[in-house]
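To start, the structure itself, in structure tokens.
Residue numbers (our numbering): 6 to 113.
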């Protein structure tokens, strides 16, 4: 399983609309990535005891695909539409990476 993660690190003067991100942006992402092999889509609102500090991650998304080829093709094909939506919920530049997921079942 391949996971693409996009994350957002807080900085002074940052803004982030979690309602838009977890609602509308995830709808756009599902519609764009779904036909390209998306297996699962998750979005996290990271919580801290108090307001976020510079450098802290405030939100992230994980998109899961069966193969690295699917993940790479989906990222390339959907980047324009997903990137165009970013200013609607934040002024933070997203960081992203791809990872090979390994399962570690309980009791194994």
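For each residue, glycine too, the CB sits at the ideal point set by N, CA and C.
Residue 75 sits away from residue 39, with the two beta carbons spaced by 8 Å or more. For the options 49, 32 and 92, the alpha carbon positioned closest to that of residue 10 is the one of 49. Non-local beta-carbon contacts of residue 106 in its own chain, meaning distances under 8 Å to residues more than five positions away in sequence, involve 6, 7, 8 and 69 in chain order. In this structure residue 83 is not in contact with residue 13, their Cβ atoms being roughly 18 Å apart against a cut-off of 8 Å. The three-state secondary structure of residue 58, taken from DSSP, is coil. A distance of 8 Å or more separates the beta carbons of residue 87 and residue 19.
Per DSSP, residue 51 lies in no alpha helix (DSSP H) and is assigned neither H nor E. Going by DSSP, residue 14 is part of the beta strand (DSSP E) stretching over 7-14. Here residue 15 is near residue 63, since their CB atoms are less than 8 Å apart. By the neighbour-count criterion, in which a residue is buried when 16 or more other Cβ atoms sit within 10 angstroms of its Cβ, residue 102 is exposed. Cα atoms of residue 59 and residue 71: separation of roughly 34 Å, rounded to the nearest angstrom.
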